[in-house]
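**Q** Numbering (the numbering used here), first residue to last: 13 to 472.
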Ligand code: DSN
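(1) Along the chain, where does the alpha helix (DSSP H) that runs through residue 441 open and close?
(2) Can you tell me the Cα-Cα spacing of residue 29 and residue 450, whole angstroms?
(3) Tell me which residues share the same chain as residue 58 and place their Cβ nearer than 7 Å to its Cβ, disregarding the 5 neighbours each side in the sequence.
(4) Am I right that residue 197 and residue 241 are in contact with their C-beta atoms under 8 Å? What's the rounded C-beta distance?
(5) Between which two residues does the alpha helix (DSSP H) holding residue 323 run?
(6) Ordered along the chain, which non-local residues of its own chain (more than five positions away) have a Cβ less than 8 Å from that of residue 106?
(7) With ligand 1 as the reference, list in chain order each residue whose Cβ lies under 5 Å from any of its heavy atoms.
(8) So who's on the other strand from residue 250, going by DSSP bridges?
(9) If you measure between the beta carbons of residue 337 and residue 354, is that distance less than 8 Å?
(10) Would you mind reading off the limits of the beta strand (DSSP E) that contains residue 219?
(11) Measure how close the beta-carbons of residue 120 and residue 149 come, nearest whole angstrom, since I'm counting them as under 8 Å.
(12) Between which two residues does the beta strand (DSSP E) holding residue 460 run?
(13) Output the boundary residues of the beta strand (DSSP E) element that contains residue 425.
(14) Under the rule that 16 or more other beta-carbon atoms within 10 Å means buried, what is residue 102, buried or exposed?
(15) If I measure Cβ to Cβ from residue 126 and keep anything under 6 Å in the same chain, skipping five residues before and after, which residues do I get?
(16) Just to confirm my understanding: we take residue 132, look at its own chain, exclude 5 residues before and 5 after, and list those with CB closer than 6 Å. What are they?
(17) Judging by CA-CA distance, which residue of 383, 298 and 424 is the nearest neighbour of residue 360?
(18) DSSP on residue 117, reduced to helix/strand/coil?
(19) If you follow the beta strand (DSSP E) that residue 378 is in, where does it begin and where does it stop?
(20) Work out the CA separation of residue 165 and residue 155 for me, nearest whole Å.
(21) When the Cα atoms are used, what is the spatial distance from residue 60 to residue 216?
(22) Is the distance from the Cβ of residue 417 to the Cβ of residue 446 below 8 Å?
(23) When we look at the beta-carbon of residue 87 and count the other beta-carbons within 10 Å, is it buried (16 or more) or exposed?
(24) DSSP has residue 157 in a bridge; who is on the other side?
(25) When the Cα atoms are used, what is the spatial distance from residue 27 to residue 38?
(26) Alpha carbons only, please: which of 195, 298 and 279 is nearest the one belonging to residue 145?
(27) Kindly give me the distance between the Cβ atoms of residue 12 and residue 402, rounded to whole angstroms, as I take these residues to be in contact under 8 Å.
(28) What is the rounded straight-line gap between the Cα of residue 405 and the Cα of residue 454?
(29) Let me check one thing: in DSSP terms, what residues is residue 354 bridge-paired to?
(30) Tell me whether residue 174 is buried or exposed, calling it buried when 16 or more other Cβ atoms sit within 10 Å of its Cβ.
(31) Around the C-beta of residue 77, are 16 or more other C-beta atoms found within 10 angstroms, so that it is buried, or is it exposed?
(32) Quick check: residue 208 and residue 243, are their CB atoms within less than 8 Å of each other?
(33) Using only alpha-carbon positions, find the residue among 63, 54, 332 and 299 that is nearest to residue 94.
(34) Would you call the CB atoms of residue 134 and residue 98 closer than 8 Å?
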């Protein structure tokens, strides 16, 4: 692409922003409010990372106007010349980043990717074996509330008393139920997943192993967590949770890309192509694929690797500090970005803790814990993640300070019942002020902080 064309996109975005600002102040005020909120809150939502502004710019490309079903060189619509090149670039960068042999960058989310992969590997009514939702699994791993729980016969494994994935139970259930697919992956599990053992179990019963690395994709890409790419038959991930990418999904395969599918002859790579389009999706989102390409480029840099290292170190510091302050840290700690708390000893529900923390500028989400007596919207646990703290450049010392701020809020919160609470205004104001100071010291990377905005005449 020539420099002039690259400039055309930048000019278009500049003009578009000015036009939006002028013609739709109502919407702009909402969007500006959100930028300010992101700048000034400590986001510790484990399933979130911050996309570099250049990723957001790629996602806003005019490429979005291209409607083109199919794959590069084999589209069902005209006008996809540049889109083909963008999709090829995204695939090339994804395979390089994960040392994979195959990548499909079209899934709109990891949920879509999981539905597509299961559709390709399991017949309707087939059996899948996955981590139970309440033990930290995901809806699309066969939960009764999901399409995957309705269309397949889902069997679920759980955790050991120490909060680890119970691999002996996985082996016993696999032996008994003979699933067509075993899923290794979690939405709320802080410990290393033993993909090698999962694969041995899958091979013993003739199952396909699917690894869902949505939460740990950044750690896998940088070697901070063992990679499943050559151990699982298929790996799925979202691109926004830890890769700093746009909302979207990704399917990867390593050495099993040419392994036959359930029919005994079609290679898995061909099956996955068909599984996404036309089995599970129609037209891809070209601008989102451009944003994925940019995010994969950034994820391959030394700076991203350094951030991944910080993420893990910060999570350990967070777990240690919270445990020292008397909190019940589940699984005895963490190996990843995630820390799970059982709040029952403090007499707080998950939603009360979440709301009290949010009132003070700290974001962490309620989470059901193994054997939780409360319903999902209330829950008894809290899930924390250090992705964004590390992206802001915070280290262990600042993360320990965040843990102490959380402790201050949680111990000053009195539950009236499971969903309402009282929090002393002086505590709230003190914590808010400290959160604001920390956020100002560690602004979102490459975003304009409140001081910059102020200097440019924008008053957040
Ligand atoms: N899967 C949900 C989570 O883990 O929070 C949303 O991405």
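Ideal Cβ placement from N, Cα and C applies to all residues, glycine included.
**A** In terms of the structure at hand:
(1) Where residue 441 is concerned, the enclosing alpha helix (DSSP H) starts and stops at 437 to 453.
(2) Those two C-alpha atoms are separated by around 30 Å.
(3) 227, 349, 350, 395, 396 and 397
(4) Not really, about 13 Å apart at Cβ, beyond 8 Å.
(5) 314 to 336
(6) 112, 115, 117, 262, 264, 304 and 308
(7) The set, ordered by position in the chain, is 59 and 199.
(8) 261
(9) no
(10) Looking at the DSSP string, residue 219 is not in any beta strand (DSSP E), and its letter there is neither H nor E.
(11) About 21 Å separates the two Cβ atoms, so there is no contact after all.
(12) No beta strand (DSSP E) holds residue 460; DSSP gives it neither H nor E.
(13) Membership of residue 425 in the beta strand (DSSP E) is indicated by the continuous run 425 to 427.
(14) buried
(15) 152 and 248
(16) 283 and 287
(17) Checking every option, the nearest Cα to that of residue 360 belongs to 424.
(18) coil
(19) 377 to 379
(20) Just so you know, the alpha carbons of residue 155 and residue 165 end up roughly 10 Å apart.
(21) Each residue's alpha carbon lies about 36 Å from the other.
(22) yes
(23) buried
(24) Answer is none; residue 157 lacks a bridge partner.
(25) 18 Å
(26) 195
(27) Summary: the structure shown does not reach residue 12, with the chain confined to residues 13 through 472, and so no result is reported for it.
(28) 6 Å
(29) 340 and 393
(30) exposed
(31) So residue 77 ends up on the exposed side.
(32) Yes, Cβ-Cβ distance for residue 208 and residue 243 is below 8 Å.
(33) 299
(34) Their beta carbons are not under 8 Å apart, which means residue 134 does not touch residue 98 by this criterion.
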